[in-house]
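To keep things clear, I will list the structure first and then write my remarks on it.
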Amino acid sequence: MGSMVHSVRFKLLAAFGLCLALLLATGVFGVMGLIRLNSNMSEAYTGNTLPIVQLGELRAAQLDARLQLRRAQLVKDDPAQVRAFVEALRKDMDKINSSWKKYFPASITSEEERRIANKFNEALPQFNANVNDAVSALQAGHADAVVQITDRQSAANIEMGDLIEQDIAINVAQAKDFAADSDATYHRILVWAIVLVCAGFAVGVGMCWYLLRAISRPLSRAVNVANDIAGGKLENGIVVDTQGEFGELLVALRKMDEQLTETVRGIKVSAESVTVASKEIAAGNIDLSSRTEQQAASLEETASSMTQLTETVKQNAENAAQADALASNASTIAQAGNVAVQAMVGTIDQISTSSGKISEITGLIEGIAFQTNILALNAAVEAARAGEQGRGFAVVASEVRTLAQRSASAAKEIKGLIGASVAVVQAGSQQAAEVGETMAEVKEAIRRVSEIVTEIAAASAEQSRGIEQVNQAVVQMDEVTQQNAALVEQAAAAAQSLEEQATTLRRAVSVFRMGNGTGAAFA
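For the sequence shown, numbering that gives the first Met the number 0 begins at 0 and goes up steadily by one.
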């Protein structure tokens, strides 16, 4: 209950409740007075003003009817004028009857008025009958009868006029009473309104002063604290010495001040950490960017070298294919050479055989020459024995001997040449055999070389495909490295932006000042 009394809600409700109560009282008195005034005005209008008007119209119509009847008597010799006045008289009679029906009995408000109205209502039929009789006499031309009827009705007319005047007087008196009551009600409402307005004004001024003291001072303190916090001053040491909502507001501001202080300290530490980390990240990104660029350049060189190597390997494969073709051709040529060497060996063997036969023939010729020489010698001996007769035979024998010697000498030379030729042929045959074996070895070597060249060509082709794949991989690595370089540059820009934002954050936090004056540490 005590905390409720100190609450701003209770104070505002009490102040505005009292003001509203006074306002309600003023309104109630005003409404009641207006109702009373409206009732008086309504009663005065419907109960007095309308009856006065109706009675006035009735009185005027009655007087006009008497006047029209008198005029008709004066022009009794002129039927047209008589008819005109009679017509006007009938209108007045209709007016009298209609006005009376409006007035009686609906507009009667008092017993005295009712008593007088009853008298008039009792006299009205006789008045109507007398007027009708007078009209009939006028229309019949009986002027004397009209005079008698008029004289007989004169006293009744005066009495009816007095009754109307009495009803009018009663309504006027009632209207005066309503006016007096309305005036009294007006003055009473005016007095009460002045009293209540003054009381409300006094209460309003008092409550304003009270609320200003009860609300303005703690609210001003709260505003000052909020302005200090907004100005960057923290650790304000807020003292709560009031109750109610403003006390709760000061407690909340104190908690906000403490939590904001801790938050700012944390932000300061985090901002410094972010700044250091962003600087390190930026430096690392710059270094990584440089290395990535170097790697990209190396990959470009590697890609170029791999391209050249690919072309070289392709050329080696082509050369190996050509070498394989040449080796195959050389193998074919070696096969043909081996066949030719074998043929040459056979020919040399035949030559060696022929040389042996020639050597045998030469030996035979040498034997024949030797035999001939012996025979020539014997013939010379026999010619010498024969003397002169045998001189010619001796000359022939000498020539034969000389020829035999020359034949023997030629046979020796031929034998020597044949022997040398046979030796050469044998050596050539042996060399041809060796050449055949060498050609076979060359053929085998060429076959092996062809197989090796074929394997080299296949390996070169496989190596070319592998190097081409490696080249594609290097190209892809180069593209990835270029992308990595771009990403590293973006990361470097992001790290630099992060560093700038951290610096901005530290500058933003620097506006807060701690109670011990550590605000400069945020700069």
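Glycine included, each C-beta is placed from N, C-alpha and C at the ideal position. None of the values given here were measured: they were computed from a predicted structure.
Contacts around residue i, its chain only, beta-carbon distance under 7 Å, and the 5 residues preceding and following it disregarded
i    : result
A490 : N284
D63  : D91
Q53  : S98, K101, Y102, S106
A136 : A144, V145, I148
I188 : F28, G29, G32
A281 : A491, A494, Q495, E498
K175 : none
K94  : E56, A60
T503 : none
Q404 : N372
Nearest neighbour of residue i, chosen from the options [CA to CA]
i    : options                : result
A409 : I364, T437, S449       : I364
E381 : V395, L162, N223       : V395
T48  : M31, L73, V239, N170   : N170
A128 : Q152, A142, D286       : Q152
F177 : I373, V448, S38        : S38
G26  : I360, S353, E292, V196 : V196
F84  : N96, D93, R69          : R69
T291 : L248, D76, A422, N483  : N483
S449 : A59, A295, T331        : T331
V74  : A460, Q294, Q165, A142 : A142
L486 : E158, L287, N223, E112 : L287
Q294 : T503, D477, E440       : D477
A383 : S397, N372, P78        : S397
E112 : E164, P78, I228, R216  : E164
Residue i to residue j span [Cα, whole Å]
i    : j    : result
S406 : A342 : 36 Å
G345 : L308 : 53 Å
V479 : E467 : 18 Å
G418 : Q425 : 10 Å
A519 : Q258 : Any reading at A519 is ruled out, since the residue's pLDDT is 40, under 50, leaving its predicted position unreliable.
K118 : S106 : 16 Å
Q462 : E498 : 51 Å
A14  : L211 : 12 Å
L12  : V263 : 40 Å
K313 : S297 : 23 Å
C18  : L218 : 23 Å
L23  : R35  : 18 Å
V190 : T184 : 10 Å
G140 : R114 : 39 Å
G32  : L21  : 16 Å
Q471 : Q481 : 15 Å
G336 : E436 : 11 Å
I193 : G203 : 15 Å
I214 : G236 : 21 Å
T361 : R447 : 50 Å
G16  : A201 : 14 Å
E451 : I445 : Note on identity: in this sequence residue 451 is Ile, with Glu being the wrong assignment. If you take the alpha carbons of I451 and I445, they lie about 9 Å apart.
V134 : A179 : 47 Å
A379 : K414 : 28 Å
R138 : R89  : Before going further, note that residue 138 is Gln rather than Arg in the sequence given. Roughly 13 Å separates the two Cα atoms.
I350 : K411 : 20 Å
A322 : E454 : 11 Å
N120 : A198 : 57 Å
Y209 : V239 : 20 Å
K267 : T274 : 10 Å
Interface flag, residue i vs chain B, CB-CB below 8 Å
i    : result
R464 : The structure shown contains no chain B; it holds only a single protein chain.
Close Cβ partners of residue i (< 8 Å) along its chain, the five nearest in sequence each way excluded
i    : result
Q334 : K442
V474 : A302
N156 : Q61, R65, F126
A522 : Confidence at A522 is low in this model, with a pLDDT of 41, below 50, so the placement of that residue should be treated as unreliable; the coordinate-derived value is given next. Closer than 8 Å at Cβ, skipping near neighbours: R505, R506, S509.
S277 : A494, Q495, L497, E498, A501
D182 : none
A221 : F245, L248, L249, L252
T306 : N470
S109 : I169, Q173
M159 : Q61, F119, A122, L123, F126
6 Å CB neighbourhood of residue i in its chain, flanking five on each side removed
i    : result
T260 : L233, E234
A320 : A456
M206 : A14
I51  : I167, N170
N315 : S459
heavy atom of the ligand SAM below 7 Å from residue i C-beta
i    : result
Q314 : The ligand SAM is not part of this structure, which contains no ligands at all.
Exercise. Could you pull out every unbroken beta strand (DSSP E) segment of at least 3 residues lying fully inside the segment 115-185, listed in chain order?
Key: DSSP runs (the beta strand (DSSP E)) wholly in the segment 115-185: none.
Practice problem: Quick one: which unbroken alpha helix (DSSP H) runs of 4-plus residues sit fully inside the segment 365-406? Chain order, please. | Solution: Fully enclosed alpha helix (DSSP H) runs of 4 or longer: not present.
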